[in-house]
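Notes to accompany the following structure.
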Amino acid sequence: MPRVGDHGPSAGRHSDQRSEHPLTDHARRQAIRSRYAAFGPRSFRHEVCALPEQLDNTDRTRFAVAIAPPKSYVWREAFREVAETVNIALQRLGHSSVLTDALDLPGRRYILFGSNTLSWWGIEIPDDAILYNLEAVTPESDWRSEELLELFRRHHVWDYSRHNVAALEAAGVPRIQHVPIGGVPELDRIRPVATQDIDVLFVGTHSAKRAAPIERLRQAGYNAQLHAGVWGERRDELYARAKIVLNLHGPTIFEAVRVTYLLANGIFVISEKCHYPDEEEEFADGVVFVEYDRIVETCIRYLADHRARADRIIAGREVMRKRSARKYLGAALAEPAFTG
1 MPRVGDHGPS
11 AGRHSDQRSE
21 HPLTDHARRQ
31 AIRSRYAAFG
41 PRSFRHEVCA
51 LPEQLDNTDR
61 TRFAVAIAPP
71 KSYVWREAFR
81 EVAETVNIAL
91 QRLGHSSVLT
101 DALDLPGRRY
111 ILFGSNTLSW
121 WGIEIPDDAI
131 LYNLEAVTPE
141 SDWRSEELLE
151 LFRRHHVWDY
161 SRHNVAALEA
171 AGVPRIQHVP
181 IGGVPELDRI
191 RPVATQDIDV
201 LFVGTHSAKR
211 AAPIERLRQA
221 GYNAQLHAGV
231 WGERRDELYA
241 RAKIVLNLHG
251 PTIFEAVRVT
261 YLLANGIFVI
271 SEKCHYPDEE
281 EEFADGVVFV
291 EYDRIVETCI
301 RYLADHRARA
311 DRIIAGREVM
321 RKRSARKYLG
331 AALAEPAFTG
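Numbering follows full-length UniProt numbering, in which position 71 of the sequence shown is assigned residue number 71; successive positions increment by one, without gaps.
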C-alpha cells in the first residue's frame, strides 16, 4: 500500500459497507508507525508456501520471495499478487524459488517486498537481499525518507517504475534496476459472476478525492461503492461483481500493481490520467484514461455501452499477455547490474 494496492500499492476493515477513513494517506502512515512501534524488533518464522518447481536445475540461483512486514500488518497483502507472480516466474526460468514468510531460510537469496516499512519492525534482513520496491519514492512522495534511501543504498533494489529508478539513482542508490510488473497465467483467477450488480467500484485507501466521484455516482442513482482494507478472495469477489473499477491516484506514479492485476483478470478499468505520459501510453490500449473531473461522466457513458467495455477488456488482456513476468525477470537477472 502500502499504496501499492492501497496499493503502498489499503487501510480499513473487511466490510462490504462503505469504508470511512478520516485520515489522509500521510496521517494514516504516521498513525500506523506509532501503533506498531510498540511491538519492537521482531523476527518471523512461518510456514513456507512453495509451488511445484518445474525444473530441478542445481546450477540456478535458489531464491526465497517474501513479504517482509509481519502478518499483524494487514496492508502487507497489497504486495501479495506481485510476490506470487515473481515466485512463479522464477520457477518458470528454472530457479528453485519458494514463497515464504520466513526471513532466515539458509542457502537462498531473498527478494523482499515491503521494504518501505522495515524500520517500523526492527527487522534484520540478509545483506544480499534484493528489495523490490512498489511504492512511489520520487521527491514529492510521503514514503521517501533518508532512512529508506539509506536502506536502498545498502542493498540491491528492483523497482517497478522508471521514474522511481531515476529518482533513486539521483539520490545515490548504486545498485538499482527497472523491473516492470508482469503477468503469469496463474494470476488470471478471478471467476466471472452471472450478474455484475456493482456499477462502479473503487478499492483502496479512503480519501476525499477518491470518495467524491463515488458519491456523485450514488446521487445519480448508480450502485457505486468504495471499500478499503479488503484483500484476497473477498476483494476479488468485489472486482468480479463490478462493471467498472476505478483507479484514482494517491501518489503521482501510476498504480501499476493494482491495474495489471485487474487487466489480467478481464476487469474493465477507468483511470485518472497519469502524471507521467509514458506510463499512460504503456497501458492506453487496456485502460480508459480521463481527467479527474470527467470520471463521473465517463463512467456513465461506459455503463451504457457494454460492447465498448467488452472490447477494452479484450485489449487489456492482450496488454498483459505481452507483459511477461518471466521475460522481465530473466532480463533483470541477466543484466550486468545484477550479475556484476
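Using N, Cα and C, we set each Cβ at its ideal position, and we do this for glycine too.
Sequence-distant residues of the same chain with beta carbon closer than 7 Å to residue 319, five excluded per side: Stepping through the sequence shown from its first residue, residue 319 is reached at position 319. Excluding residues within five positions, the ones whose Cβ falls inside 7 Å are 263, 283, 285 and 286.
Spatially closest choice to residue 93 from 337, 104 and 326, by CA coordinates: Indexing the sequence shown from 1 puts residue 93 at position 93. When each option's Cα is compared against that of residue 93, the closest is 326.
Unbroken stretches of the alpha helix (DSSP H), 4 residues or longer, contained in the region 155-202: 162-170
Segment contact flag, the region 153-173 with the region 127-144, C-beta cutoff 8 Å, min 3 pairs: yes
Closest Cα partner of residue 242 within the set 205, 316 and 196: The residue labelled residue 242 in the question sits at position 242 within the sequence shown. Checking every option, the nearest Cα to that of residue 242 belongs to 196.
Rounded separation between residue 291 and residue 314 - CA only: Taking the first residue of the sequence shown as 1, we reach residue 291 at position 291. Taking the first residue of the sequence shown as 1, we reach residue 314 at position 314. Whole-angstrom Cα-Cα distance: 23 Å.
Residue closest to residue 69, alpha-carbon to alpha-carbon, out of 79, 190, 62 and 276: By 1-based counting over the sequence shown, the position of residue 69 is 69. Looking at the Cα atoms, 79 is the closest of the given residues.
Unbroken beta strand (DSSP E) run spanning residue 313, endpoints: What you label residue 313 is simply residue 313 of the sequence shown in a count that begins at 1. Taken as a continuous stretch (DSSP letters only), residue 313 belongs to no beta strand (DSSP E), being part of the alpha helix (DSSP H) at 306-322.
Nearest-angstrom Cβ-Cβ length linking residue 63 and residue 90, presumed shorter than 8 Å: Position 63 of the sequence shown, counted from the start, is the residue given in the question as residue 63. Position 90 of the sequence shown, counted from the start, is the residue given in the question as residue 90. Confirmed, about 5 Å.
Host alpha helix (DSSP H) of residue 119 (start-end): Taking the first residue of the sequence shown as 1, we reach residue 119 at position 119. That run of the alpha helix (DSSP H) goes 118-121.
For residue 272, the first and last residue of its enclosing beta strand (DSSP E): Sequence index remark: in the sequence shown, residue 272 carries index 272 (1-based). Counting along the chain, the beta strand (DSSP E) containing residue 272 begins and ends at 269-272.
Strand pairing of residue 225, partner residues [DSSP]: The residue you call residue 225 lines up with position 225 of the sequence shown. Residue 225 pairs with 201.
Separation of residue 72 from residue 124, as counted between CA atoms: Counting from 1 along the sequence shown, the entry for residue 124 is found at position 124. Counting from 1 along the sequence shown, the entry for residue 72 is found at position 72. Distance between the alpha carbons of residue 124 and residue 72 is about 18 Å.
Whole-angstrom distance between residue 188 and residue 267, CA atom to CA atom: Along the sequence shown, read from residue 1 onward, the residue named residue 267 stands at position 267. Along the sequence shown, read from residue 1 onward, the residue named residue 188 stands at position 188. Roughly 11 Å separates the two Cα atoms.
Option in 233, 136, 222 and 269 with minimal Cα separation from residue 114: Here the question's residue 114 lines up with position 114 in the sequence shown. Checking every option, the nearest Cα to that of residue 114 belongs to 136.
Alpha carbon of residue 193 to alpha carbon of residue 239, nearest angstrom: In the sequence shown, counting from the first residue as 1, residue 193 sits at position 193. In the sequence shown, counting from the first residue as 1, residue 239 sits at position 239. Between residue 193 and residue 239, the C-alpha separation is close to 10 Å.
Extent of the continuous alpha helix (DSSP H) run through residue 85: By one-based count along the sequence shown, residue 85 stands at place 85. Its alpha helix (DSSP H) spans residues 80-92.
contact_flag[the region 272-280, the region 243-254] where n(CB pairs < 8 Å) is 3 or more: yes
Residue closest to residue 204, alpha-carbon to alpha-carbon, out of 230, 302 and 191: Indexing the sequence shown from 1 puts residue 204 at position 204. It is 230 whose Cα lies nearest to the Cα of residue 204.
Option in 151, 110 and 111 with minimal Cα separation from residue 120: By 1-based counting over the sequence shown, the position of residue 120 is 120. Here the closest residue by C-alpha is 151.
C-alpha gap between residue 206 and residue 212, whole angstroms: Here the question's residue 206 lines up with position 206 in the sequence shown. Here the question's residue 212 lines up with position 212 in the sequence shown. In a straight line, the C-alpha of residue 206 is about 10 Å away from that of residue 212.
C-beta atoms of residue 153 and residue 172 nearer than 8 Å: Here residue 153 refers to the residue found at position 153 of the sequence shown. Here residue 172 refers to the residue found at position 172 of the sequence shown. Taking 8 Å as the Cβ cut-off, residue 153 and residue 172 qualify as a contacting pair.
Beta-carbon proximity list for residue 280, same chain, < 6 Å, skipping 5 on both sides: What you label residue 280 is simply residue 280 of the sequence shown in a count that begins at 1. Within the same chain, residue 280 has close Cβ partners 274 and 289.
Endpoints, the beta strand (DSSP E) within which residue 103 is located: Here residue 103 is taken as the residue at index 103 of the sequence shown, counted from 1. Residue 103 -> no beta strand (DSSP E), and no H or E assigned at all.
Distance between residue 181 and residue 332 (C-alpha atoms, nearest Å): The sequence position of residue 332 within the sequence shown is 332, counting from 1. The sequence position of residue 181 within the sequence shown is 181, counting from 1. Residue 332 and residue 181: Cα-Cα distance of roughly 12 Å.
Helix, strand or coil at residue 243 according to DSSP, with G and I counted as helix: Start at 1 with the first residue of the sequence shown, and residue 243 comes out as number 243. DSSP places residue 243 in strand when its eight states are reduced to three.
Contacts around residue 299, its chain only, beta-carbon distance under 7 Å, and the 5 residues preceding and following it disregarded: Translated into positions along the sequence shown, residue 299 becomes position 299. For residue 299, where only same-chain residues beyond five positions count, the Cβ hits under 7 Å are 200, 217, 244 and 270.
Residue 223 versus residue 198: straight-line alpha-carbon distance, rounded: Here residue 223 refers to the residue found at position 223 when the sequence shown is read from its first residue. Here residue 198 refers to the residue found at position 198 when the sequence shown is read from its first residue. Answer to the nearest angstrom: the Cα atoms are 5 Å apart.
Outcome for residue 169 when other beta-carbon atoms lying within 10 angstroms are tallied against a minimum of 16: For the purposes of this step, residue 169 is taken as the residue at position 169 of the sequence shown. So residue 169 counts as exposed.
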